[in-house]
Amino acid sequence: MIAAPESTMASRENAYAPDPNLRIWIDGEIVSPAEAKISVFDHGLLYGDGVFEGIRIYNGRIFKDREHIDRLYESAKCLLLDVPMSKEEMSGAMNAAMEANNIIDGYLRVIVTRGVGLLGIAIGHTACPSVIIIAASIQLYPPEVYQRGLRCITAGTLRNHPSSTSPRVKSLNYLNNIMAKAEAKNAGSDEAIMLNSEGHVTEGTGDNLFVVRRGELHTPPPSEGILEGITRRLVMELARKRGYTVAESALIRHDIYVAQECFLTGTAAEIVPVVSLDGRAIGDGKPGPITKDLMQDFIAYRNRV
Ligand code: PXG
17 MIAAPESTMA SRENAYAPDP NLRIWIDGEI VSPAEAKISV FDHGLLYGDG
67 VFEGIRIYNG RIFKDREHID RLYESAKCLL LDVPMSKEEM SGAMNAAMEA
117 NNIIDGYLRV IVTRGVGLLG IAIGHTACPS VIIIAASIQL YPPEVYQRGL
167 RCITAGTLRN HPSSTSPRVK SLNYLNNIMA KAEAKNAGSD EAIMLNSEGH
217 VTEGTGDNLF VVRRGELHTP PPSEGILEGI TRRLVMELAR KRGYTVAESA
267 LIRHDIYVAQ ECFLTGTAAE IVPVVSLDGR AIGDGKPGPI TKDLMQDFIA
317 YRNRV
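Residue numbers (the numbering used here): 17 to 321.
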């Protein structure tokens with residue numbers, strides 16, 4: 017056997033190692049990060065064959081838990097993946113993971129993989145799906161980003177085609193989004209806006225997109241190839257409560273270039289203003305008043321539940 021060079025071994029001890037005090041829920045057991053292991057034969061690892069959810073915990077409560085569980089099971093259904101527990105059991109497991117970590121404000125990552133199987137992509141080659149729940153703190157955009165807004169580029173990498181694995185499935189394969197995010201970083205930008213194969217705007221790499229035009233809100237419909245965000249749905253409700261017209265509209269980049277305001281919505285980011293696209297200022301290049309009002313409404317909403 018050839019020993020790995022020491023430098024390679026050392027580099028495995030990295031600064032991103034999980035907090036050893038975390039407790040991970042994995043297939044019905046609560047274990048330490050060191051014990052929370054999946055097999056190299058798990059098809060989630062081998063093929064990205066699985067689904068996930070990212071969920072916030074605010075004030076010791078799991079935010080929009082029912083909606084996230086429903087979307088998880090819909091994603092799984094679409095991939096012919098049987099989640100090996102009922103929705104009620106899933107809810108109980110999510111609460112157990114939260115409580116085992118004493119999390120008041122944080123984040124849950126729920127993952128269902130196809131499970132351990134033979135090498136080979138056939139679905140019949142695996143025994144039982146695995147369920148993993150990680151409760152942790154969350155990496156947010158820094159506060160100044162909410163003040164100044166995001167600078168975005170249009171990604172060359174397209175959102176996956178709705179006739180391919182649907183973008184409505186929150187699958188373990190995020191490579192197009194990861195590459196689009198890398199494009200943004202390489203361009204010195206904060207985030208990338210992804211187009212579909214028709215050149216229509218879909219969403220950010222992990223957030224849905226809204227524009228304000230002539231005082232109305234527009235966001236692409238699911239048929240354009242987006243993840244139907246839970247934050248998106250809530251923001252549509254909050255905007256309508258404020259009396260705004262909210263439409264699901266096919267958008268092209270032109271609509272963003274000429275928009276009064278633009279913002280992204282998602283579990284991690286909540287609502288974050290977008291102030292430029294491809295170096296062009298949106299509106300006056302500052303977070304807009306409607307965006308700011310909705311940011312306040314969102315904070316008020318999540319603080320009261
Ligand atoms: N589009 C995509 C492609 C997403 O992945 C959203 C929109 C927003 O959906 P919600 O339901 O969250 O409003 C997402 C969600 C992470 C992370 O760790 C990513 C998401 C959510 C939470 C964490 O990168 N994406």
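Backbone N, C-alpha and C fix where the C-beta goes; we use that ideal spot for every residue, glycine too.
Residue burial is scored here from C-beta neighbours: Thr261 has fewer than 16 other C-beta atoms within 10 angstroms and is therefore classed as exposed. Here Asn118 carries a coil assignment [DSSP, helix/strand/coil]. Around the beta carbon of Ala171, 16 or more other beta carbons sit within 10 angstroms, so the residue counts as buried.
Here DSSP, grouped into helix, strand and coil, assigns Ser153 to coil.
Ile287 and Leu310 have their C-alpha atoms some 8 angstroms from each other. When secondary structure is reduced to three states using DSSP, His177 falls in the coil class, being assigned neither helix nor strand. For the options Phe226, Phe57, Gly245 and Gly136, the alpha carbon positioned closest to that of Val185 is the one of Gly245.
Assignment of beta-bridge partners to Asn224 by DSSP yields Glu219 and Thr281. Closest by C-alpha distance to Ala92, out of Ser182, Val274, Asn319 and Val228, is Ser182.
Exclusion of the five residues before and after Ala196 leaves Ala171, Thr173, Ala208, Met210 and Thr221 as the residues of its chain whose Cβ lies within less than 6 angstroms of its Cβ. For Asp65, the CB contacts under 6 angstroms within the same chain, skipping 5 residues up- and downstream, are His59 and Arg130 in chain order. Between Phe57 and Val128, the CB-CB gap reaches or exceeds 8 angstroms. Here the distance from the Cβ of Arg318 to the nearest heavy atom of the ligand PXG is not below 7 angstroms. The continuous stretches of beta strand (DSSP E) do not include Met311, which lies in the alpha helix (DSSP H) extending over residues Pro305 to Arg320. The three-state secondary structure of Cys94, taken from DSSP, is helix. Closest option to Ser153, judged by alpha-carbon separation, among Gly76, Glu199, Arg167 and Tyr190: Gly76. By the criterion of at least three beta-carbon pairs nearer than 8 angstroms, the stretch 154–161 is not in contact with the stretch 91–105. When the alpha-carbon of His270 is set against those of Ala203, Phe68, Ser292 and His141, the nearest one is in Ser292. Here the stretch 271–279 makes contact with the stretch 216–232; the two share three or more CB pairs at distances below 8 angstroms. Shown here, Gly76 sits in coil according to DSSP, grouped into three states, outside any helix or strand.
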